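Residue numbers (numbering that gives the first Met the number 0), protein chains in the order written: chain D, 0 to 313; chain Y, 0 to 303. For each residue, glycine too, the CB sits at the ideal point set by N, CA and C. No experiment lies behind these values; they were computed from the predicted model shown.
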Amino acid sequence: MVGFLIRRTGQAIFVLILVTAATLGLVHLFPGGPVRALLGDRATPALIDYYNHIYGFDQPFYVQYIKWVNQLLHGNLGFSDKLNVSVVTLISTDLPKTMVLVLLGTLVSLLFGIPLGVYQAVRRNSVADYVLTGVSFLGYSTPTFFLGLVMVDWFAVDSHVFPAFGPQSSSVISILGQPRALVLPVFTYAFLLYALWSRYMRSSVLDNLVQDYVRTARAKGATERRVVWRHVFRNSLVSIVTLLGLSIPTLITGAIIIEVVFNYSGMGLAFYQAAIDNDFEVLLGFTVIATTATIVGNLLADVGYAVLDPRVRY
Amino acid sequence: MSEAQVVAATDAELGLELSDKPRGMFVRAWEVFAENKLALAGLSFIAFILLFCFVGPHIYVTNQTNTDLSTYLCTPSGAHLLGCDDVGYDELGRLMVGGQTSLEVGLAAAVVSVLVGTLYGAISGFAGGFVDALMMRVVDAGLSLPSLMIIIILSVIFHPTPTTIIFIIAVFYWFGVARLVRGETLSLRNREYVQAVKVIGGRPMRSVLKHIVPNAIGTIIVQATFAVADSILTLSVLGFLALGVAPPATDWGSMLSSGLQYIQGGNYWWLIYPPGVLIILTCISFNFIGDALRDAFETRLQRR
Numbered sequence: 000m001v002g003f004l005i006r007r008t009g010q011a012i013f014v015l016i017l018v019t020a021a022t023l024g025l026v027h028l029f030p031g032g033p034v035r036a037l038l039g040d041r042a043t044p045a046l047i048d049y050y051n052h053i054y055g056f057d058q059p060f061y062v063q064y065i066k067w068v069n070q071l072l073h074g075n076l077g078f079s080d081k082l083n084v085s086v087v088t089l090i091s092t093d094l095p096k097t098m099v100l101v102l103l104g105t106l107v108s109l110l111f112g113i114p115l116g117v118y119q120a121v122r123r124n125s126v127a128d129y130v131l132t133g134v135s136f137l138g139y140s141t142p143t144f145f146l147g148l149v150m151v152d153w154f155a156v157d158s159h160v161f162p163a164f165g166p167q168s169s170s171v172i173s174i175l176g177q178p179r180a181l182v183l184p185v186f187t188y189a190f191l192l193y194a195l196w197s198r199y200m201r202s203s204v205l206d207n208l209v210q211d212y213v214r215t216a217r218a219k220g221a222t223e224r225r226v227v228w229r230h231v232f233r234n235s236l237v238s239i240v241t242l243l244g245l246s247i248p249t250l251i252t253g254a255i256i257i258e259v260v261f262n263y264s265g266m267g268l269a270f271y272q273a274a275i276d277n278d279f280e281v282l283l284g285f286t287v288i289a290t291t292a293t294i295v296g297n298l299l300a301d302v303g304y305a306v307l308d309p310r311v312r313y
Numbered sequence: 000m001s002e003a004q005v006v007a008a009t010d011a012e013l014g015l016e017l018s019d020k021p022r023g024m025f026v027r028a029w030e031v032f033a034e035n036k037l038a039l040a041g042l043s044f045i046a047f048i049l050l051f052c053f054v055g056p057h058i059y060v061t062n063q064t065n066t067d068l069s070t071y072l073c074t075p076s077g078a079h080l081l082g083c084d085d086v087g088y089d090e091l092g093r094l095m096v097g098g099q100t101s102l103e104v105g106l107a108a109a110v111v112s113v114l115v116g117t118l119y120g121a122i123s124g125f126a127g128g129f130v131d132a133l134m135m136r137v138v139d140a141g142l143s144l145p146s147l148m149i150i151i152i153l154s155v156i157f158h159p160t161p162t163t164i165i166f167i168i169a170v171f172y173w174f175g176v177a178r179l180v181r182g183e184t185l186s187l188r189n190r191e192y193v194q195a196v197k198v199i200g201g202r203p204m205r206s207v208l209k210h211i212v213p214n215a216i217g218t219i220i221v222q223a224t225f226a227v228a229d230s231i232l233t234l235s236v237l238g239f240l241a242l243g244v245a246p247p248a249t250d251w252g253s254m255l256s257s258g259l260q261y262i263q264g265g266n267y268w269w270l271i272y273p274p275g276v277l278i279i280l281t282c283i284s285f286n287f288i289g290d291a292l293r294d295a296f297e298t299r300l301q302r303r
């Protein structure tokens with residue numbers, strides 16, 4: 000187990016190095032270089048040289064990379080010249096707001112997705128199963144922004160039940176104090192994720208229902224309710240834990256779109272704004288944070304799987 | 000080893016034409032597929048939408064190049080069956096032209112990513128050892144990049160045309176395909192018929208292209224189908240973020256996004272629901288087809 004942990008962590012670190020190098024390389028793809036993109040077409044060559052020198056872009060790539068990673072490790076994620084704040088400050092104000100959205104949305108989607116997925120598996124090929132399958136496929140196939148704006152049209156423009164925008168506030172506490180404004184963003188986000196959990200739960204329960212231990216439990220005379228909830232459900236939950244760890248890219252993608260649709264000022268909206276503004280230090284900083292979260296999530300998923308499932312031994 | 004496996008193995012060893020075996024496989028897969036009503040409905044819808052987008056403009060002729068402010072936001076009528084958009088383009092004709100872009104980009108991105116992913120995954124799995132480990136870490140790295148973030152950055156850097164968008168989408172999609180195909184390859188590379196190629200002196204590339212890829216074709220086709228749906232969705236998101244194709248070209252996502260500006264200004268339903276519904280129905284059709292294909296090809300595996 001210790002050997003596996005060391006090996007797996009080593010892999011994760013190697014992947015992290017690859018990804019950060021690729022991300023840093025990415026900003027050099029800006030036509031004329033990142034500094035030209037930041038300063039605009041009317042910047043003089045002298046000014047561009049000066050900024051290239053400040054950012055260290057006049058040095059070889061590996062030197063740039065080592066210096067950049069050194070700064071990252073010391074907690075310096077760069078500075079936004081457009082917004083005149085450091086990227087760390089930007090993240091520390093925006094990340095908690097995005098976390099509120101992501102956590103609430105994930106929670107709501109799990110509360111619906113897990114029980115309904117189990118129900119679908121137990122009542123396989125019933126009318127309810129087909130209807131819920133249809134709902135999941137709708138979740139897979141609907142552009143999130145379209146769903147969000149239709150929600151706005153129905154519940155905000157036409158009927159004024161909920162506000163059209165997410166909570167407009169700079170602090171998490173006051174965001175949580177506006178539950179009505181949170182309803183549309185959170186539920187739109189949750190619908191997107193619902194399809195993922197319910198489909199996965201359904202197939203996972205179906206896989207478990209044909210296992211030998213289910214036959215044993217039935218043979219012992221366990222009631223169907225006990226078989227499903229005490230035996231199958233608990234085993235299927237293991238794979239959901241793994242899936243959660245692997246879903247971080249999906250969570251991030253969803254959050255970006257939801258934040259743009261509902262003008263919810265979290266990391267996703269800030270990232271989109273930075274992309275439009277060519278604010279490459281923000282783009283770099285945010286991408287590194289998101290990527291690190293993904294890699295750590297994958298690592299935890301693997302380790303969690305090994306811990307939770309006693310059959311898995313490395 | 001089951002009978003089918005023996006037959007497949009001897010076929011390959013004797014160098015019989017591949018056309019014999021896949022035909023049997025595809026016929027069987029089709030039988031399972033045809034039992035799935037949803038998949039057939041999806042297939043019919045895709046056929047319809049292809050006709051609508053590519054043949055439709057020749058029947059329902061509209062000007063999709065020059066704007067016409069005299070028909071600004073006109074309501075649906077005999078002259079404009081689905082009304083007009085905010086620069087006077089006929090909306091129904093626009094749906095056809097936009098659909099061409101969406102479908103072309105979706106299909107091309109799927110083909111590019113599946114081709115690259117398949118080759119990469121098969122080579123990685125077949126090589127094994129250190130090469131495999133290194134190649135798979137690259138895939139891990141690609142999969143741990145938040146794709147939408149990088150796609151947004153790339154779309155800002157490269158001014159989006161349909162061709163650049165195809166590659167921007169495919170750059171991310173092939174990683175997942177590569178991992179799946181590599182998994183398939185690991186189970187195929189130790190089969191007797193692949194070993195036999197090595198023994199009789201066949202080059203590694205021959206094993207990969209002639210023996211491993213054809214046998215992983217089920218996984219590949221299923222993945223390609225889902226890739227089309229995902230690519231169409233990604234393109235629509237880019238359209239929404241104003242990073243889609245530039246006018247006068249358009250795609251369903253860009254149409255939806257420009258229509259959505261009028262969501263609060265009155266009842267301009269024809270600008271919002273038709274493109275949105277077409278995106279949903281097209282993607283759901285590809286998803287139904289993919290799901291049925293997965294069942295179809297998995298049944299084949301179970302029979303083995």
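Using a Cβ-Cβ cut-off of 9 Å, P184 of chain D is close to nothing in chain Y; its nearest Cβ partner there is about 16 Å away. Interface annotation, P145 of chain Y: in contact with chain D, CB-CB separation under 7 Å.
Note on the region 38 to 62 of chain Y: whole alpha helix (DSSP H) runs with a minimum of 4 residues are 55 to 58, in chain order. According to the DSSP assignment, V130 of chain Y belongs to the alpha helix (DSSP H) that extends over 128 to 143. The three-state secondary structure of S230 of chain Y, taken from DSSP, is helix. Here the region 288 to 295 of chain D does not lie against the region 202 to 215 of chain D, with fewer than 3 beta-carbon pairs under 8 Å apart. Within the model, the alpha-carbon separation for L39 of chain Y versus N214 of chain Y is close to 25 Å. If the five residues before and after V295 of chain D are omitted, its C-beta is found closer than 8 Å to the C-beta atoms of A11, all from its own chain and listed in chain order.
Taking all protein chains in view, the Cβ of M204 of chain Y is surrounded by fewer than 16 other Cβ atoms within 10 Å, so the residue is classified as exposed. About 7 Å separates the Cβ atoms of S206 of chain Y and K197 of chain Y, confirming a contact at the 8 Å cut-off. For A289 of chain D, a Cβ of chain Y is located within less than 7 Å of the residue's own Cβ.
With at least 16 other beta carbons inside 10 angstroms of its own, T286 of chain D counts as buried. Taking a beta-carbon distance threshold of 7 Å, P166 of chain D does not count as an interface residue toward chain Y.
Contact of P248 of chain D with chain Y is assigned, a C-beta pair being separated by under 7 Å. V84 of chain D is bridged by DSSP to D:S79.
By a beta-carbon distance limit of 8 Å, Y193 of chain D contacts G112 of chain D. Their separation comes to about 5 Å. Note: C83 of chain Y is bridge-paired with Y:D89 in the DSSP secondary-structure output. Judged by beta-carbon spacing, A121 of chain Y lies within the 7 Å limit of I211 of chain Y, meaning their Cβ atoms are closer than that value. For Y261 of chain Y and V260 of chain D, the gap between their C-alpha atoms comes out near 14 Å. If you compare the alpha carbons of D:Y263, D:V99, D:L102, D:T19 with that of N69 of chain D, the shortest gap goes to D:T19. Going by DSSP, V204 of chain D is part of the alpha helix (DSSP H) stretching over 178 to 208. According to the DSSP assignment, L46 of chain D belongs to the alpha helix (DSSP H) that extends over 44 to 54. Taking a Cβ-Cβ threshold of 7 Å, the residues of chain D close to G275 of chain Y are F145, in chain order.
Taking the Cβ atoms as the reference, V244 of chain Y lies roughly 6 Å from P161 of chain Y, within the contact range of under 8 Å. Within chain D, no C-beta atom comes nearer than 8 Å to that of I45 of chain Y; the closest sits roughly 13 Å away.
G97 of chain Y and D250 of chain Y do touch by the CB rule: their CB atoms are close to 5 Å apart, below 8 Å. For Q260 of chain Y, the three-state secondary structure derived from DSSP is coil. In this model, H52 of chain D and A45 of chain D are separated by some 11 Å (Cα to Cα). Annotated three-state conformation of F285 of chain Y is helix, per DSSP.
One thing to note: F174 of chain Y has its Cβ within 7 Å of the Cβ of V138 of chain Y.
Counting only residues of its own chain and dropping the five nearest sequence neighbours on each side, L250 of chain D has a CB closer than 6 Å to the CB of V101. An exposed status is given to L50 of chain Y, since fewer than 16 other beta-carbon atoms sit within 10 Å of its beta-carbon. Residue contact check for M254 of chain Y against chain D: no CB pair falls below 7 Å.
The residue from D:A36, D:L183, D:S79 with its alpha-carbon nearest to that of N262 of chain D is D:L183.
Under the Cβ criterion (8 Å, minimum of three pairs), the region 62 to 79 of chain D does not count as touching the region 236 to 254 of chain D. Nearest to F225 of chain Y by C-alpha distance, out of Y:G200, Y:I278, Y:Y192, Y:I283, is Y:I283.
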